[in-house]
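One structure below.
Residue numbers (this note's numbering): -11 to 581.
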């Protein structure tokens, strides 16, 4: 930057920036309003009218396109079929050219004149019908939870009225659903796929209104509506079809070539077992009992040092370790039948030893600058932090010779050969789809498939070729684990004497490591006399040490959920844990062209 430019007054610079940015700020496509009128008929068909007020701004476009799903994949891989029939498309209350084509799971409606362009605000109305949108509740559904008092046969509409495939943001969204009978219950959910953010819903007799505003690109709105089964002309059963044969290789493998498959499935593993001792490099030395972790390692550092991974149990052990060191307090709520459990954390900040950089990263993602935090459901920021911490600890473990990535991947040769057989399996499979040659399906294909699986299994049976350093580390960890797994009463006495700490401090200090090694119940059994007040002094809000079982059950599942994104679709929105954005049928997306 020149000296003269630095001398310009701030106001002048601001004005220049505003003028320079003005065209970019205005050139932004958006949907000003997306209004949906959906009417469910007694036969289960749904009539849909979408009124889309699209603002092209100054962009030269031909029109918009709309992708409407005609089937959704269910959690078991089958397909929920709901055919779509487009009846009418208009623009600004007049006729407009449009084309309809099939594109995989979608019906694409391309609206506009390819020989002309438009700008500004235009209103598009797309009218279509959808078959098979309703699903009757079964006794199995109600057994999983029935807080609304539904009956078997009541019909549920679980639908993505605004799909998360739109690449523009939406200012206002409105949906009205009208059915053949009084609405029994309704729920509105918005956000990106998997989120459970609520939006407005209002029930009025046989209709319900959903509304929200400010949907970002690739965010959607899902509605769940329940109608009485008696309002329909018959039982509402989804039309579900199996995926095409090309997506069901199991149905081809099982009837043919079973002998060849089993032979090559078992042979590689037998070879590994016979030559296992020759494949091993440095044996792990005998473990000597030790009363603490090597090099004052934290639970997460031990977990990654052993396997290169940071599982949910290790993350929970980390939180317990931070509580024992007086940085946080931790408590859990088991939840109930209709709500998931959660972990409640509070910042204590009384710790005297320094936190490590990776611990600071995890704490920052959990608390986000607040004094209190709750882990419940999927948390993308927390998930991102866990992945980052795992990568950091893996690098540290490699530099410290605790983890040898090459030694852990000693079965790479098996993997490479397995990949070759996998490629051959895929090629033979697709070749066999257009061939009636029984040799392909009955001989070569099962043999290649069996060899692929057999080699992958054998790869995991190959012993780790430990280095001297990694073998020493594993022996030290085994010695520490052996101490925690000995008579807990003796372990307690030894540690109290060695560390000079009160019993509750000894319990809290070693509990995270016991959790890491799945020994928390035996370790807690050595401290039955700790009071609730003493546990609170250790950052654990438990009534007694026997409650550690509840904390572990809730904690591991909650943390696993927190960094694992949900990927299911088409189930029930009222049972089985509730609905989420993008979890229903329909949806899709669109944009301009």
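By construction, the Cβ of each residue, glycine as well, lies at the ideal position given by its N, Cα and C atoms.
Distance between beta carbons of residue j and residue i, contact taken as under 8 Å
i           : j           : result
residue 172 : residue 146 : Their Cβ separation, rounded to whole angstroms, is 14 Å, which puts residue 172 and residue 146 out of contact at 8 Å.
residue 208 : residue 150 : 5 Å
residue 170 : residue 193 : 6 Å
residue 220 : residue 71  : Not really, about 18 Å apart at Cβ, beyond 8 Å.
residue 155 : residue 205 : 5 Å
residue 328 : residue 365 : 7 Å
residue 117 : residue 89  : Between residue 89 and residue 117 the Cβ distance is about 18 Å, and since that is not below 8 Å, they are no contact.
residue 547 : residue 303 : 5 Å
residue 458 : residue 409 : That belief does not hold up - the Cβ atoms of residue 458 and residue 409 are roughly 30 Å apart, past 8 Å.
residue 69  : residue 229 : 6 Å
residue 312 : residue 500 : 6 Å
residue 279 : residue 515 : Actually they are not in contact, since the Cβ atoms of residue 279 and residue 515 sit about 16 Å apart, beyond 8 Å.
C-alpha gap between residue i and residue j, whole angstroms
i           : j           : result
residue 378 : residue 390 : 14 Å
residue 67  : residue 61  : 5 Å
residue 517 : residue 295 : 36 Å
residue 3   : residue 106 : In this prediction, residue 3 has a pLDDT of 42, which is less than 50 and means its spatial position is unreliable; what the coordinates show is noted afterwards. Approximately 31 Å between the Cα atoms of the pair.
residue 556 : residue 210 : In this prediction, residue 556 scores a pLDDT of 47, lower than 50, which makes its location untrustworthy; the coordinate-derived value is nonetheless stated afterwards. Distance between the alpha carbons of residue 556 and residue 210: 14 Å.
residue 461 : residue 521 : 37 Å
residue 361 : residue 318 : 10 Å
residue 94  : residue 434 : 34 Å
residue 40  : residue 200 : 15 Å
residue 109 : residue 82  : 15 Å
residue 531 : residue 380 : 36 Å
residue 493 : residue 551 : 30 Å
residue 276 : residue 291 : 20 Å
residue 52  : residue 387 : 54 Å
residue 508 : residue 183 : 33 Å
residue 316 : residue 528 : 9 Å
residue 502 : residue 467 : 13 Å
residue 373 : residue 32  : 45 Å
residue 139 : residue 359 : 45 Å
residue 12  : residue 356 : Caution applies to residue 12, whose pLDDT of 39 falls short of 50 and renders its modelled position unreliable; the model cannot decide the point.
residue 638 : residue 456 : Any property of residue 638 remains undetermined from this structure, which presents the chain solely from -11 to 581.
residue 9   : residue 79  : A caution first: residue 9 carries a pLDDT of 41, below 50, which makes its placement in the model unreliable, though a value can still be read off. Between residue 9 and residue 79, the C-alpha separation is close to 32 Å.
residue 489 : residue 542 : 29 Å
residue 335 : residue 152 : 36 Å
residue 227 : residue 47  : 42 Å
residue 306 : residue 203 : 36 Å
residue 148 : residue 289 : 43 Å
residue 177 : residue 417 : 42 Å
residue 299 : residue 496 : 21 Å
residue 436 : residue 412 : 7 Å
residue 222 : residue 215 : 13 Å
residue 338 : residue 332 : 18 Å
residue 343 : residue 285 : 12 Å
residue 352 : residue 175 : 33 Å
residue 504 : residue 392 : 21 Å
Those residues which DSSP pairs with residue i across a bridge
i           : result
residue 40  : 22, 112
residue 27  : 35, 166
residue 188 : 199
residue 104 : None; residue 104 has no bridge partner.
residue 77  : 114
residue 176 : 211
residue 57  : 94
residue 87  : 98
residue 161 : 22, 200
residue 72  : 118
Residue i, enclosing alpha helix (DSSP H) - first and last residue
i           : result
residue 501 : 491 to 504
residue 130 : 127 to 131
residue 346 : 345 to 355
residue 464 : 456 to 472
residue 368 : 368 to 387
residue 306 : 300 to 312
residue 513 : 508 to 513
residue 295 : 287 to 295
residue 523 : 520 to 525
Boundaries (first-last residue) of the beta strand (DSSP E) holding residue i
i           : result
residue 69  : 67 to 69
residue 361 : 360 to 363
residue 535 : That residue, residue 535, is in no beta strand (DSSP E); it is neither H nor E in DSSP.
residue 330 : 330 to 335
residue 229 : 227 to 229
residue 317 : 316 to 321
Residue i: CB within 7 Å of a non-hydrogen atom of the ligand SAH
i          : result
residue 60 : The model on display carries no ligand, and the ligand SAH is accordingly not part of it.
**Prompt:** So, do the region 112 to 127 and the region 181 to 200 have three or more beta carbon pairs nearer to each other than 8 Å?
**Reply:** No, because fewer than three Cβ pairs between the region 112 to 127 and the region 181 to 200 fall closer than 8 Å, the two stretches do not touch.
**Message:** Pairs of beta-carbons, one from the region 211 to 228 and one from the region 157 to 167, closer than 8 Å: are there three or more?
**Reply:** Taking one beta carbon from each stretch, the region 211 to 228 and the region 157 to 167 have 3 or more pairs nearer than 8 Å; the two touch.
**Prompt:** Looking at C-beta atoms only, is the number of pairs between the region 16 to 29 and the region 40 to 49 that lie closer than 8 Å three or more?
**Reply:** Result yes; three or more Cβ-Cβ pairs closer than 8 Å.
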